[in-house]
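Participant: A single structure is presented below for examination.
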Amino acid sequence: MEDYEPSQLSPYTYGCPKSFYVGHLFIPSTSLLETMAEPKTKYDRQLRIWGEQGQAALEKASICLLNCGPTGSETIKNLVLGGIGSITVVDGSKVENGDLGNNFMVSETSLGQPKAKCVCAFLQELNDAVKAKFIEEHPVTLIEINPSFFSQFTLVVATQLVEESMVKLDRICRDANVMLIFARSYGLSGFVRISVKEHAVIESKPDHFLDDLRLISPWPELKKFTEKIDLDTSDTVVHKHIPYILILVKIAEEWAKSHGGRLPSSREEKKEFKELIKAKMVATDEDNYKEAIEASFKVFASQGISSDLKRILDDPCAEVESGASDFWVMVAALKEFIANEGGGEAPLEGSIPDMTSSTELYINLQKHYQAKAETDFLVVEQRVRNILKKIGRDPYSISKTVIKSFCKNARKLTVCRYKLIEEEFNSPVLPELQKYLTDEEYSVAVGFYILLRAVDRFSANYNTFPGQFDGAMDEDISRLKTTAVSLLSDLGCNGSTLTEDLINEMCRYGAAELHAVAAYIGGVASQEIIKLITRQFVPMSGTFIFNGIDHKSQLLSL
Amino acid sequence: MASRSRDLDKLLLRPGHLVGPSFEPGTQLRDDLQEYVRILVVGAGGLGCELLKDLALSGFRNLEVIDMDRIEVSNLNRQFLFRLEDVGEPKAQVAAKRVMERVSGVNIVPHFCRIEEKELEFYSEFSIIVLGLDSIEARSYINAVACGFLEYDSNDEPLEETVKPMVDGGTEGFKGHARVILPGMTPCFECTIWLFPPQVKFPLCTLAETPRTAAHCIEYAHLIKWDEVHSGKSFDPDNPQHMQWVYSEAVKRAQLFGIPGVTYTLTQGVVKNIIPAIASTNAIVSATCALETLKIASGCSKTLSNYLTYNGVEGLHTKVTEFVRDKDCLVCGPGIFMELETSVTLKMFIDQLEDHPKLLMSGASVTVRGKNLYMAAPPLLEEMTRSNLGLPLFELMDKSPTGIVHVTGTAGKGDKRQSCLRKLRVAFKADGIADTDMAGGG
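Top line first, the protein sequences correspond to chains V and E. Counting in full-length UniProt numbering, the first sequence runs from 1 upward without gaps. Counting in full-length UniProt numbering, the second sequence runs from 1 upward without gaps.
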């Protein structure tokens, strides 16, 4: 039989078995697309990633950018292109000749003008739907004399700040409950760090996640459905169009009966299980049985909830009181559900992957899963409303849509928490730091991490960055080394050293802000900002260090 | 007035310890980059726009860009060099113009055409070729061109001056990759073609008899029903009426089978193979490529060795893998070396392949630079090319002293005979007894 080629599978969606759906990456869920009223053609390519709701969140957000050198400008450019609501660019400098060599948003005609003004004008050109304004002021000054300035924003992007200012701004934003992200380019090194007290993600949309099929513990309706299926039917057409879900439920049941209710666990048993499936094949072209064998690992997978989810359920915030966020109220309801109606399981996710099957059986099966998911959702919804009442809130203050999405994504919930940068700087997780210092894969990245802090200390002492000006190179190298050693010692890492080569390299950079590095850092920062604002996908945890030498960049969890 | 090159100077004018092997810091280097280095950017879309900006601000002054497409509205969320009023204009031209407007001193020559339309000489003029493409075929083509310039010495070592570096980037949604290709030294695109998994196809029986998903219904309308109803007229995905027809047929089919989820947006996505795209991923991958281009051209730092993958779906993950060349690669490998008399005819050459210890190939067909010199099958082509058999191979290869020849035939010993394609590196010598078992590697 000839095969037809539909769309080309993307090179990035690996491991997608033949005849399954064409890669979840670029065909969003039908429910997502159904919520898209009128596709805004300009945003079409990104709407397919975060949908109308994500786009609405972006368009409502107001961003403050501190310093509009290339790092800040490139970060904001990506947000403006994406349709961010409003931006306020804060920078007190004027455009110099050197800026023409690294910043696309200033040109020869803007020499001598306020940089913030020029960058703003360019950004406005990129997307006239975005409200862009600028303030000609040095961010450091604003941080010192007008901290309440920052309260008006959804998120602050702080670029090219030194440690002292970072720490101050961090406190200001934390107190005002404003999201904050630091970004910095320094020669071939770079730094990105989110600082938010807590960021809960319902729509985490991970790349790969096990389907929620309940093959071992089918609920009553599913069980009844499988009982109507005869794997030994003599009708060959029917036989080869039984979906693998039904095959696996039945074989798993058969196995459990003859093994005292246990599941295949050893390699031998798993092999035996697959043989049982194979034995049911009556012809070599029965794709459904082949799929069942390939999918048998789904039977062996553990039941119940993951350790990640358990950690969330056990979090003190799950003991909700008045003032608890919607997320934690729903977590509390989820916890109750799992302990009661769920029987140890989260609400059923409700969707099934495509598989060889007759249309009728597939649609029927799909309806079973959707019905059970709906039933579970209704129970959770009721529990949510009860909890809201208990804590003195309007029981209808969380919408059905939100609760439904919560149930669908229950197994994938993620909570991100970020230390204050000061805490990280003063008391990093020592065992982690020591691990990085001794691991070759991390050596350049952690070296840059330490040296970025060291250059700030250096600059606080000597009023320039090491190597910033020609002529004092040898002296600067020696001073930077001393500073780095003393910093490591302060952190409790006596005896650890950084290589001479890296210290030299840092001095070579002389605080240069290279466009390509700024563009990279800007890309990373803007991507994380989008995740934070749309509340979709999981933002990075820890501190990202860019290593432009061999590209072994790393996320450090300190 | 302080230099415009204030920041780049730190990297180009100062000595360093973590630098490329032939790095010579100084103003000469900076000036040479501006004056002599020529970079070609292939593609002026999501990656191309970013690449042109990044390269223009990384010390390069001589850039060229090639792209056959025109600007569409859906490009505007990331291809930042284009504005609404540019829709319909050639991407290469507008991109070049916009960058030159903002970065004085840089010169960008746009080429609004297909990459296949350019002569090989065009590509050979560039110091480095940077790719911002969205298809495997296009990458394969440029790879074959660049690797085609590669020559080897008698020890099967690549001749450095014939190595044409390529830097290749690709993105999709939150994911991407960047790689450095130094033909003959690092793996080329073909060496690692297995990195791209095979296409997934919906079986015909699924589309025709047992559809289950919305995508099945859409592809039925697109690939089967269209031809039934419009026999002869080809489907044009850019024609809104065609797309609307496919959509309504898909809806009908979905209703018939009780399948939910067919929407116009999904229809477009499936039929046009729309890959979601955002500015941030393009920025990251392009910046990586531009940085590597700067390093290769100047030696100012160590280079990526040699493949970077990027995934920003969950947190952020980058990984560097050092892939190894396939020595037998048909595109970038040295091929099997054969020395031949100028008098050797094509038939004699084909006969020699049978006894050559490294080949043992029978029934060979011979191709040179894409031209079929002799086809053993099918009968029609065999007849057409039979007359070449009596001609000297040297003449058939335009009297070039060396050349690459591709041969296809059955090879192997005994039961293990199978069809295969081999790359040969042929060198001609005048008169004397033809001896294909000459030493000389290969």
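For glycine and all other residues, C-beta sits at the position ideal for the given N, C-alpha and C.
(1) Let's see if you can read the secondary structure: which residues bound the alpha helix (DSSP H) around Q382 of chain V?
(2) At what residues does the alpha helix (DSSP H) containing V444 of chain V begin and finish?
(3) Please report the distance separating the alpha-carbon of C191 of chain E from that of G409 of chain E.
(4) Can a CB atom of chain E be found closer than 8 Å to the CB of T35 of chain V?
(5) Can you pull the chain E neighbours of L100 of chain V, defined as C-beta to C-beta under 7 Å?
(6) DSSP three-state call for S124 of chain E: helix, strand or coil?
(7) Given that F149 of chain E touches chain V, what residues does it touch there, using C-beta distances under 7 Å?
(8) Tell me, please, whether the CB atom of I549 of chain V is closer than 8 Å to any CB atom in chain E?
(9) Please confirm whether D44 of chain V has its beta-carbon closer than 8 Å to some beta-carbon of chain E.
(10) For K77 of chain V versus F80 of chain E, is the C-beta spacing smaller than 8 Å?
(11) Run through chain B and tell me which residues come within less than 7 Å of E374 of chain V, C-beta to C-beta.
(12) Quick one: which unbroken beta strand (DSSP E) runs of 3-plus residues sit fully inside the segment 7-85 of chain E? Chain order, please.
(13) Going by DSSP in three states, E137 of chain E sits in which element: helix, strand or coil?
(14) Output yes if chain V places a C-beta closer than 8 Å to the C-beta of V313 of chain E; else output no.
(15) CA-CA distance, K223 of chain V and C407 of chain V?
(16) For R98 of chain E, which residues in the same chain have their Cβ closer than 6 Å to its Cβ, ignoring the five residues on either side in sequence?
(17) Determine, for P211 of chain E, whether the minimum Cβ-Cβ distance to residues of chain V falls below 8 Å.
(18) Could you work out which residues of chain E lie near G187 of chain V, taking near to mean beta carbons separated by less than 8 Å?
(19) Using a Cβ-Cβ distance under 8 Å, would L514 of chain V count as near chain E?
(20) Between which two residues does the beta strand (DSSP E) holding L65 of chain V run?
(21) May I ask which residues mark the beginning and end of the beta strand (DSSP E) holding T543 of chain V?
(22) Out of curiosity, what's the CA-to-CA distance linking E72 of chain E and L231 of chain V?
(23) Considering only the alpha carbon of each residue, which of V:V119, V:I421, V:K168 and V:K94 lies closest to Q113 of chain V?
(24) Go to G363 of chain E, then tell me how far its beta strand (DSSP E) extends in each direction, as first and last residue.
(25) Using a beta-carbon distance cut-off of less than 9 Å, what residues from the segment 65-77 of chain E approach chain V?
(26) Classify Y307 of chain E as buried or exposed, calling it buried when 16 or more other Cβ atoms lie within 10 Å of its own Cβ.
(27) Kindly identify the DSSP beta-bridge partner or partners of L111 of chain V.
(28) Using three-state DSSP, classify F112 of chain E as helix, strand or coil.
(29) Could you check which residue in V:G548, V:F546, V:L433 and V:V538 has the C-alpha nearest to that of E198 of chain V?
(30) At what residue ranges does the segment 257-288 of chain E contain a whole run of the alpha helix (DSSP H), taking only runs of 4 or more?
(31) Roughly how many angstroms separate the alpha carbons of E294 of chain V and Y264 of chain E, rounded to a whole number?
(32) Please determine if the segment 124-134 of chain E and the segment 30-45 of chain E are in contact, where contact requires at least 3 C-beta pairs separated by less than 8 Å.
(33) Give the range of the beta strand (DSSP E) segment to which T310 of chain E is assigned.
(34) Closer than 7 Å by C-beta to I115 of chain E: which residues in its own chain qualify, once you throw out the five before and the five after it? Chain order, please.
(35) Run the CB neighbour count on G344 of chain V, radius 10 Å, all protein chains shown included, and call it buried at 16 or more, exposed below.
(36) Using the rule of at least 16 other Cβ atoms within 10 Å of the residue's Cβ for burial, across every protein chain shown, is Y449 of chain V buried or exposed?
Facilitator: Let's see:
(1) For the purposes of this step, residue 382 of chain V is taken as residue 382 along the first sequence, with counting starting at 1. For Q382 of chain V, the enclosing alpha helix (DSSP H) stretches over residues T359 to K390.
(2) Within the first sequence, numbered from 1, the residue matching residue 444 of chain V stands at position 444. Per DSSP, V444 of chain V belongs to the alpha helix (DSSP H) from S443 to Y462.
(3) Position 191 of the second sequence, counted from the first residue, corresponds to residue 191 of chain E. Position 409 of the second sequence, counted from the first residue, corresponds to residue 409 of chain E. Taking the straight line joining both Cα atoms gives about 21 Å.
(4) For the purposes of this step, residue 35 of chain V is taken as the residue at position 35 of the first sequence. Reliability fails at T35 of chain V, whose pLDDT of 37 lies under 50, so the model's placement of it is uncertain and no value is given.
(5) Residue 100 of chain V sits at position 100 when you count from the first residue of the first sequence. Chain E residues near L100 of chain V: R4.
(6) In the second sequence, counting from the first residue as 1, residue 124 of chain E sits at position 124. S124 of chain E falls in the helix class under three-state DSSP.
(7) The residue you call residue 149 of chain E lines up with position 149 of the second sequence. Under the 7 Å cutoff, chain V gives no residues; its nearest Cβ is about 26 Å from F149 of chain E.
(8) Here the question's residue 549 of chain V lines up with position 549 in the first sequence. Yes - at least one Cβ of chain E is within 8 Å of the one on I549 of chain V.
(9) Residue mapping note: residue 44 of chain V aligns to position 44 of the first sequence, counting from 1. Yes, contact with chain E.
(10) For the purposes of this step, residue 77 of chain V is taken as residue 77 along the first sequence, with counting starting at 1. For the purposes of this step, residue 80 of chain E is taken as residue 80 along the second sequence, with counting starting at 1. Taking 8 Å as the cut-off, the Cβ atoms of K77 of chain V and F80 of chain E count as close.
(11) Reference to chain B is not applicable here, since the protein chains of this structure are V and E.
(12) Fully enclosed beta strand (DSSP E) runs of 3 or longer: 38-42 and 62-66.
(13) Taking the first residue of the second sequence as 1, we reach residue 137 of chain E at position 137. Helix.
(14) Within the second sequence, the letter at position 313 stands for residue 313 of chain E. Closer than 8 Å to some Cβ of chain V, the Cβ of V313 of chain E qualifies, so yes.
(15) The count along the first sequence starts at 1 and reaches residue 223 of chain V at position 223. The count along the first sequence starts at 1 and reaches residue 407 of chain V at position 407. Taking the straight line joining both Cα atoms gives about 22 Å.
(16) Here residue 98 of chain E refers to the residue found at position 98 of the second sequence. Within the same chain, R98 of chain E has close Cβ partners L81.
(17) In the second sequence, counting from the first residue as 1, residue 211 of chain E sits at position 211. So, interface residue.
(18) By 1-based counting over the first sequence, the position of residue 187 of chain V is 187. Chain E residues near G187 of chain V: K10 and L11.
(19) In the first sequence, the residue the question calls residue 514 of chain V occupies position 514. It does; some Cβ of chain E falls within 8 Å.
(20) Translated into the one-based positions of the first sequence, residue 65 of chain V becomes position 65. Where L65 of chain V is concerned, the enclosing beta strand (DSSP E) stretches over S62 to L66.
(21) What you label residue 543 of chain V is simply residue 543 of the first sequence in a count that begins at 1. Element bounds for T543 of chain V: T543 to N547.
(22) The residue labelled residue 72 of chain E in the question sits at position 72 within the second sequence. The residue labelled residue 231 of chain V in the question sits at position 231 within the first sequence. If you draw a straight line from the Cα of E72 of chain E to the Cα of L231 of chain V, it is about 53 Å long.
(23) Counted from its first residue, the first sequence places residue 113 of chain V at position 113. Comparing Cα positions, the closest option is V:K94.
(24) Numbered from 1 along the second sequence, position 363 holds the residue referred to as residue 363 of chain E. Start and end: S362 to V368.
(25) In summary, the residues of the segment 65-77 of chain E whose CB is separated from some CB of chain V by less than 9 Å are E72, V73, S74, N75, L76 and N77, in the order they occur in the chain.
(26) In the second sequence, counting from the first residue as 1, residue 307 of chain E sits at position 307. So Y307 of chain E ends up on the buried side.
(27) Reading the first sequence from its first residue, position 111 is the one you call residue 111 of chain V. For L111 of chain V, DSSP records no beta bridge to any residue.
(28) On the second sequence, residue 112 of chain E is found 112 positions in, with the first residue counted as 1. Three-state result, F112 of chain E: coil.
(29) On the first sequence, position 198 is the one that residue 198 of chain V refers to. The residue with the shortest Cα to Cα distance from E198 of chain V is V:V538.
(30) Scanning the segment 257-288 of chain E from its first residue to its last, the whole alpha helix (DSSP H) runs of 4-plus residues come out as 264-271.
(31) In the first sequence, counting from the first residue as 1, residue 294 of chain V sits at position 294. In the second sequence, counting from the first residue as 1, residue 264 of chain E sits at position 264. The alpha-carbon atoms of E294 of chain V and Y264 of chain E are separated by roughly 33 Å.
(32) Touching, per the Cβ criterion.
(33) Locating residue 310 of chain E in the second sequence gives position 310, where the first residue counts as 1. One detail in the question is off: residue 310 of chain E reads as Tyr in this sequence, not Thr. It spans Y307 to N311 - the beta strand (DSSP E) in which Y310 of chain E sits, taken as one unbroken run.
(34) Looking up residue 115 of chain E in the second sequence gives position 115. Around I115 of chain E: V42, I66, A138, Y141 and I142.
(35) Start at 1 with the first residue of the first sequence, and residue 344 of chain V comes out as number 344. Counting the other Cβ atoms within 10 Å of the Cβ of G344 of chain V gives fewer than 16, which makes it exposed.
(36) The count along the first sequence starts at 1 and reaches residue 449 of chain V at position 449. Per the 10 Å Cβ criterion, buried.
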